[in-house]
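Student: My questions all concern the structure below.
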Amino acid sequence: MPPMKPEHTDSPSFTCTYCGEVNATFVDPSQGKTQKYIEDCQVCCRPNELSVSYDYKTREFLIQAQPSQ
């Protein structure tokens, strides 16, 4: 499998599961093709658990957010 090297400059984003605001985020491709981490919403400051994967066909990061426990 080729290394993760996104060729586009669009910032990946997620929608806060609490307030619905769209948040730009940074995904570090060196951390693997699938990742999970907590990121606070830039508006309401509540924690979202992000599940990140990279789609080689579309060359995009796919991010799913859920409330953090």
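Positions 28 to 96 (the numbering used here) are the ones given, in order, by the sequence shown. Heads up, the beta-carbon is just placed ideally off N, CA and C, and yes, glycines get one too.
1. What does a CB cutoff of less than 6 Å around Pro-94 pick up in its chain, not counting 5 residues either side in sequence?
2. In chain order, what residues of the same chain have a beta carbon less than 8 Å from the beta carbon of Asp-67, not counting five sequence neighbours either side?
3. Below 8 Å on the Cβ atoms is my contact criterion, and I expect Leu-77 with Lys-63 to pass it. Report the Cβ-Cβ distance as a whole number of Å.
4. Helix, strand or coil for Pro-56? Go by DSSP, reduced to three states.
5. Mind checking Phe-53: buried by the 16 CB within 10 Å criterion, or exposed?
Tutor: So, to answer that:
1. Thr-44
2. Arg-73, Pro-74, Asn-75
3. 7 Å
4. helix
5. exposed
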